[in-house]
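Residue numbers (my numbering), protein chains in the order written: chain S, 21 to 131; chain B, 654 to 769.
Below: the structure, in structure tokens.
What follows is the structure, given as structure tokens:
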């Protein structure tokens, strides 16, 4: 069973701080990694994807991938209350187009 | 506007009464998939389709059926719903290589199903 693990949280950070969200996965054959944001009762929306070791930056968001450690993270700089949501990590295991999702980390940004 | 459209958004039904949740995408995506989301269990894949007339089971297919007669449509069928199928359902679509310059999965707005 391929697994994607996330701390369910809540992770609480003050406004303006850096939020660090972590995800581990079980299959070394994993090829691509996605971060989704989901507001309560809404559908997941894609924030970033990464498939090479290292960092990938997009605005206030940075995804970090370490395949040797089977670890992917998402950093949110200058966190805003509007960033308060559940963040889902998803992994593609090269089995067609399927993504396996982690359980999500709930982030709370306090003004 | 590029989107995945699910209907209905909310549905309350009784045990055993057949229902269909529709899903349609206008992005010419080959890949479509159904997920259910339950508290503490995250998103779990029910069925997926790589193209027209090609479907396969995900992690939790029991009690569900799907069909892919047209590229844009991927309905989810519950022939005899039971209370344990009460959940939030999402349809998603993508190109077949989501990591190559595309936007990954695009999700529909969700269908909240209650079976009493």
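Note that beta-carbon positions come from the ideal geometry of N, C-alpha and C, so glycine has one too.
Looking only at its own chain, which residues have a Cβ that is under 6 angstroms from the Cβ of residue i, when we skip the five neighbours before and after it?
i: residue 68 of chain S; result: 55, 78, 81, 83
i: residue 47 of chain S; result: 22, 113
i: residue 119 of chain S; result: 110, 112
i: residue 45 of chain S; result: 24, 90, 111
i: residue 745 of chain B; result: 686, 758, 760
i: residue 678 of chain B; result: 657, 725, 746
i: residue 754 of chain B; result: Because the pLDDT at residue 754 of chain B is just 42, under 50, the model does not fix this residue reliably, and the point stays unresolved.
i: residue 41 of chain S; result: 94, 107, 125
Give me the residue from the options with the minimum Cα distance to residue i.
i: residue 52 of chain S; options: S:93, S:131, S:29, S:34; result: S:93
i: residue 90 of chain S; options: S:100, S:71, S:97; result: S:71
i: residue 64 of chain S; options: B:679, B:748, B:766, B:760; result: B:760
i: residue 95 of chain S; options: S:39, S:104, S:122; result: S:39
i: residue 707 of chain B; options: B:669, B:720, B:698, B:680; result: B:720
i: residue 667 of chain B; options: B:675, B:739, B:764; result: B:739
i: residue 713 of chain B; options: B:733, B:690, B:723; result: B:690
i: residue 121 of chain S; options: S:130, S:76, S:43; result: S:43
i: residue 672 of chain B; options: B:766, B:765, B:731; result: B:731
i: residue 107 of chain S; options: S:35, S:57, S:30; result: S:57
i: residue 702 of chain B; options: B:692, B:665, B:722, B:693; result: B:722
i: residue 767 of chain B; options: B:665, B:737, B:717, B:674; result: B:665
Give every residue of the same chain whose Cβ lies closer than 8 angstroms to the Cβ of residue i, excluding the five residues on either side of it in the sequence, and list them in chain order.
i: residue 87 of chain S; result: 48, 50, 73
i: residue 749 of chain B; result: 683, 684, 703
According to DSSP, simplified to helix, strand and coil, what is residue i?
i: residue 47 of chain S; result: coil
i: residue 755 of chain B; result: For residue 755 of chain B, the predicted structure reports a pLDDT of 41, less than 50, and the residue's modelled location is therefore unreliable. The matter cannot be settled from this model.
i: residue 762 of chain B; result: coil
i: residue 102 of chain S; result: helix
i: residue 34 of chain S; result: strand
i: residue 699 of chain B; result: strand
i: residue 681 of chain B; result: coil
i: residue 775 of chain B; result: Residue numbering for chain B in the displayed model covers 654 to 769; residue 775 of chain B lies beyond these limits and cannot be assessed.
i: residue 77 of chain S; result: strand
Residues of chain A with CB under 9 angstroms from residue i, in chain order?
i: residue 758 of chain B; result: Reference to chain A is not applicable here, since the protein chains of this structure are S and B.
Got a sec? Which residues, its chain only, sit under 7 angstroms from residue i by beta carbon, not counting five neighbours each side?
i: residue 37 of chain S; result: 99
i: residue 654 of chain B; result: none
Starting from residue i, trace the beta strand (DSSP E) in both directions and tell me its first and last residue.
i: residue 730 of chain B; result: 729 to 731
i: residue 745 of chain B; result: 740 to 747
i: residue 707 of chain B; result: 707 to 710
i: residue 128 of chain S; result: 125 to 130
i: residue 83 of chain S; result: 81 to 86
i: residue 690 of chain B; result: 684 to 691
i: residue 91 of chain S; result: 91 to 96
Just to check my reading of the structure: residue i and residue j have Cβ atoms closer than 8 angstroms, yes? What is that Cβ distance to the nearest angstrom?
i: residue 743 of chain B; j: residue 688 of chain B; result: 5 angstroms
i: residue 61 of chain S; j: residue 695 of chain B; result: The pair is not a contact, with the Cβ atoms about 16 angstroms apart (cut-off 8 angstroms).
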